[in-house]
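So the working numbering is basically just the index in the sequence shown, starting at one, shifted up by 21.
A quick write-up on the structure given underneath.
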Amino acid sequence: MHLQTNGVVMKFKGLTALDGVDIDISKGEIVGLIGPNGSGKTTLLNVISGVFVPNSGRFRMGDREWSSVSLREAACLGIRRTFQNIRLFPSFTVLETVEVAAAWLDRGDRRENALRALDELNFRQHCGRIASELSYGMQRRLEIARAIAGKLEFLLIDEPTAGLNHAESQELVEVIQAIRERRGCGIVLIDHDLHVIMNVCDRVIVLAEGKVIACGTPQEVRRDPLVINAYLGS
Ligand SMILES: Nc1ncnc2c1ncn2[C@@H]1O[C@H](COP(=O)(O)OP(=O)(O)OP(=O)(O)O)[C@@H](O)[C@H]1O
Ligand SMILES: [Mg+2]
């Protein structure tokens, strides 16, 4: 199954944040999404996950096609996400945080789905801890646990390693790979850490000024003169 965008345009007043974006992600692959600050990476996740309604363009997943969805509809289709700036309910426990997300999608299996997601992140022993009292690295992991509770076809992760040290980043990368292995989902990973991107991604898509300027294997993208010019530098 594929998740595709076709000609997606997103404007904020005079600014065109996405300028006709076509991407195609398969289930089972990890695709890096890179590009300069302000190139539209987060905006692309926002339109795919139903945070924003784009000005034009269409989306397709399997045999379903749409031009806009709500955040909940996208999540119910199995399109799940994390946020660039951590957004947790500060006073909730770890279990409550994940259970609320699981219940939002499917009231039936919420406890089971929440515990399964926490197990996948080796988080079950922290179930009773308060979200705001966790370390920053653990909050990042809790966000991912929340995003994988219940149905998961495609996972969109926005800068998970920002602010983490090398060991924490490495651990998070292993967690992301394990989710792909276990669930067989497609993953879109935004990150400015190119070691992370080049090591973990099967393919990389490069955005600049709201347009896809390159798409290919990490090796292909790294050599692409357009990418070097717009993002990587010499
Ligand atoms: N809600 C919004 N309202 C107005 N402008 C916005 C909004 N969200 C994004 N933008 C603008 O759209 C452009 C793309 O922003 P976006 O956050 O998608 O970039 P990004 O590639 O994720 O950057 P970064 O690497 O800094 O996270 C920027 O010029 C940004 O200022
Ligand atoms: Mg961003």
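Heads up, the beta-carbon is just placed ideally off N, CA and C, and yes, glycines get one too.
(request) Over the uninterrupted beta strand (DSSP E) stretch that includes THR26, give me the two end residues. (result) Note, THR26: beta strand (DSSP E), 23–33.
(request) Take the Cβ of THR64 as the centre, count every other Cβ of all protein chains shown within 10 Å, and call the residue buried at 16 or more, exposed below. (result) The Cβ neighbour count for THR64, taken over all protein chains shown within 10 Å, is at least 16; the residue is labelled buried.
(message) Using only the alpha-carbon positions, how far apart do GLU230 and ASP40 sit?
(response) Per the coordinates, the alpha-carbon of GLU230 lies some 8 Å from the alpha-carbon of ASP40.
(message) Just to confirm the assignment, what range does the beta strand (DSSP E) spanning CYS222 have?
(response) That residue, CYS222, is in no beta strand (DSSP E); it is neither H nor E in DSSP.
(request) Helix, strand or coil for ARG79, going by three-state DSSP, please let me know. (result) Residue state, collapsed to three classes: strand.
(message) Comparing C-alpha positions only, which one of ARG145, HIS216, GLY61 and ARG85 sits nearest to VAL233?
(response) The residue with the shortest Cα to Cα distance from VAL233 is GLY61.
(message) List, from N- to C-terminal side, the alpha helix (DSSP H) runs of 4 residues or more that fit wholly inside the segment 46–99.
(response) The qualifying runs are 62–69 and 92–98.
(message) Any heavy atom of ligand 1 inside 7 Å of the beta-carbon of SER60?
(response) Yes; taking the cut-off as 7 Å, the Cβ of SER60 has a heavy atom of ligand 1 nearer than that.
(request) Measure from the alpha carbon of ASN220 to the alpha carbon of each residue in GLY207, VAL194, VAL115 and GLU202, then state which is nearest. (result) Answer by Cα proximity: VAL194.
(message) Just to check my reading of the structure: GLN25 and PHE80 have Cβ atoms closer than 8 Å, yes? What is that Cβ distance to the nearest angstrom?
(response) The beta-carbon separation of GLN25 and PHE80, rounded to 7 Å, stays under the 8 Å limit for a contact.
(message) Please classify GLY83 as buried or exposed, where buried requires at least 16 other C-beta atoms within 10 Å of its C-beta.
(response) For GLY83, the number of other beta carbons within 10 angstroms of its own is below 16, and it is reported as exposed.
(message) Does LEU215 come out as helix, strand or coil in the three-state DSSP assignment?
(response) Residue state for LEU215 is assigned as helix, using DSSP reduced to three classes.
(request) Look at the Cβ atom of ILE178, then the Cβ atom of ILE208, and state whether they are nearer than 8 Å. (result) Cβ distance < 8 Å, so ILE178 and ILE208 count as in contact.
(message) Considering Cα atoms alone, identify which of ARG137, GLY237 and GLY171 is closest to ALA124.
(response) ALA124 has its Cα closest to that of GLY171, out of ARG137, GLY237 and GLY171.
(message) Distance check for LYS34 and GLU133, CA to CA, integer angstroms please.
(response) About 44 Å.
(request) Please check the pair ALA152 and THR118, which I expect to be a contact at CB under 8 Å, by giving their CB distance rounded to whole angstroms. (result) With 8 Å as the limit, ALA152 and THR118 qualify as a contact, their Cβ atoms being about 5 Å apart.
(message) Output needed for SER190: all residues of its chain with C-beta closer than 8 Å, excluding positions within five of it in sequence on either side, in chain order.
(response) Result list for SER190: THR182, ASP214 and VAL217, in chain order.
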